[in-house]
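*Asks:* Chains A and B, in that order, are what the protein sequence lines are. According to the working numbering, the stretch in the first sequence is residues 9 to 173, in order. According to the working numbering, the stretch in the second sequence is residues 9 to 173, in order. Note that CB positions come from ideal geometry on N, CA and C, so glycine has one too.
Number of protein chains: 2
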Amino acid sequence: MTMENYTEQLTDIHNEVISEFSKTLEMFALNPSESQLFVTLYLSNRPMNLDEMKEALGKSKTAMSNATRTLLDYNLIERVWRKGERKDLYKAKEDLYHKFMKTYVRRWLDAIEQQKNNLNFIENKLRGLSNSEERVFIEEKIHEAILFHKSLEEVFEQLNHHEIE
Amino acid sequence: MTMENYTEQLTDIHNEVISEFSKTLEMFALNPSESQLFVTLYLSNRPMNLDEMKEALGKSKTAMSNATRTLLDYNLIERVWRKGERKDLYKAKEDLYHKFMKTYVRRWLDAIEQQKNNLNFIENKLRGLSNSEERVFIEEKIHEAILFHKSLEEVFEQLNHHEIE
DNA sequence: AAGTTCGTACAGTTTAAACTGTACAGAAAT
DNA sequence: ATTTCTGTACAGTTTAAACTGTACGAACTT
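(1) Using C-beta distances below 8 Å, list every residue in its chain close to leucine 127(B), excluding the 5 sequence neighbours before and after it, in chain order.
(2) Along the chain, where does the beta strand (DSSP E) that runs through arginine 135(B) open and close?
(3) Report yes if the C-beta distance between leucine 80(A) and arginine 90(A) is below 8 Å; otherwise report no.
(4) For chain A, check one thing: does any of its Cβ atoms lie closer than 8 Å to the Cβ of lysine 149(B)?
(5) Using a beta-carbon distance below 8 Å, is lysine 101(B) in contact with chain A?
(6) Between leucine 117(B) and chain A, is the shortest Cβ-Cβ distance under 8 Å, so that the two count as touching?
(7) Out of curiosity, what's the CA-to-CA distance linking leucine 45(A) and tyrosine 14(B)?
(8) With DSSP as the reference, label leucine 160(B) as helix, strand or coil.
(9) Would you be able to state if there are at least three C-beta pairs under 8 Å between the region 31–39 of chain B and the region 112–130 of chain A?
(10) Give the secondary structure of tyrosine 98(A) by DSSP, where H, G and I count as helix, E and B as strand, and everything else as coil.
(11) Is the CB of threonine 32(B) under 8 Å away from at least one CB in chain A?
(12) In chain A, which residues lie less than 7 Å from histidine 169(B) when you measure between Cβ atoms?
(13) Measure the CB-CB distance between threonine 48(A) and methionine 35(A) and report whether it falls below 8 Å.
(14) Taking 8 Å as the CB-CB limit, is isoleucine 26(A) close to chain B?
(15) Under 8 Å, Cβ to Cβ, is there at least one residue of chain A near leucine 79(B)?
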């Protein structure tokens, strides 16, 4: 096998991993650039700067800048300092599974809690109205919806405590 | 309180519930029409036909037709027969939480499994290549990614068995 | 201080998702 | 058999997300 062939095959595999892995990450409300960038950093044996990312994914520098910021927010990557290096460097965080679940589940739970609170507020507003068949029916439905949200919260809380073997 | 005022307030509450509850459902990869339609059926005390849905949500009949089909696929609503009624009638399924989690988690798991299998395939392809520092490094990363997928599968499997109080 | 370089804000473009209106096939009614 | 009605396929439009290129402030270099 020639040298060109070998590195070419490695590059292919590299791209295939990005393609597949990022599909999973996109399921967790990351957009394509964010997902692909994370996997790229994850597969890199050294930290990368914006220009290298841009080169690696064939996208604009702005897209890379935005994606890094989101991934930093989500605590999935970190900035790395290196002496004499002017450009910002980033690497994927270690301990992928825990970091990922923690961040993801947290965002998820926050959103669900918000909606649950709003439903509670609506329920209280409804209590101020006088009785009617219609009112009682809706009240019951809202109550059930709130329980549904509570169940979701409960089950996602469990994800936070689930240990990887 | 006048009668107009009363029903108006009930309508407001109705809409607020649709607004809030559908946000939660949208988090589970349902689109706006599907989410809103589900909540509408959920809050209705009787089955609805396409024209009633269209009226209730202010959207096109085509949108309602598409949304019902998806919700049927996801097993979240069911068709109801009524004597002498020509139009198709639909209602939300009972046992919201279990139906919802089951469908959702199933779709989720199927997708993750697919990507895990693809990563396994890539890993095997890599094994065919001769050794190098680069190869060993990537191989390790792919392996870790597969374990990540396995953990996700495991934890989502648990959701299927989680019981509502 | 003047000149570079870096990251990001912003406005504009492209691409994809959501939605609409029309037209039509199949079923029901007359 | 003809007409009416219902659900959906399809093509086209609107709206939102993703992305790009330019411009510029801040930080660094000379």
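*Replies:* Put simply:
(1) Within the same chain, leucine 127(B) has close Cβ partners Ile150, Ala153, Ile154 and His157.
(2) First-last for arginine 135(B): 104–135, but that is the alpha helix (DSSP H), not the beta strand (DSSP E).
(3) Remark: C-beta atoms of leucine 80(A) and arginine 90(A) do not approach each other more closely than 8 Å.
(4) So yes, lysine 149(B) belongs to the interface.
(5) No, its Cβ sits nowhere closer than 8 Å to a Cβ of chain A.
(6) Closer than 8 Å: no.
(7) Cα-Cα distance, rounded: 53 Å.
(8) DSSP, reduced to helix, strand and coil, places leucine 160(B) within a helical segment of the structure shown.
(9) Flag = yes, the region 112–130 of chain A and the region 31–39 of chain B touch.
(10) Looking at tyrosine 98(A) - three-state DSSP - the assignment turns out to be strand.
(11) By this cut-off, threonine 32(B) is an interface position.
(12) The contacting residues do not exist; histidine 169(B) stays about 10 Å from chain A at best.
(13) With respect to methionine 35(A), threonine 48(A) sits apart: the two C-beta atoms are not nearer than 8 Å.
(14) For isoleucine 26(A), no CB of chain B lies under 8 Å from its own CB, so it is not counted at the interface with that chain.
(15) Not an interface residue.
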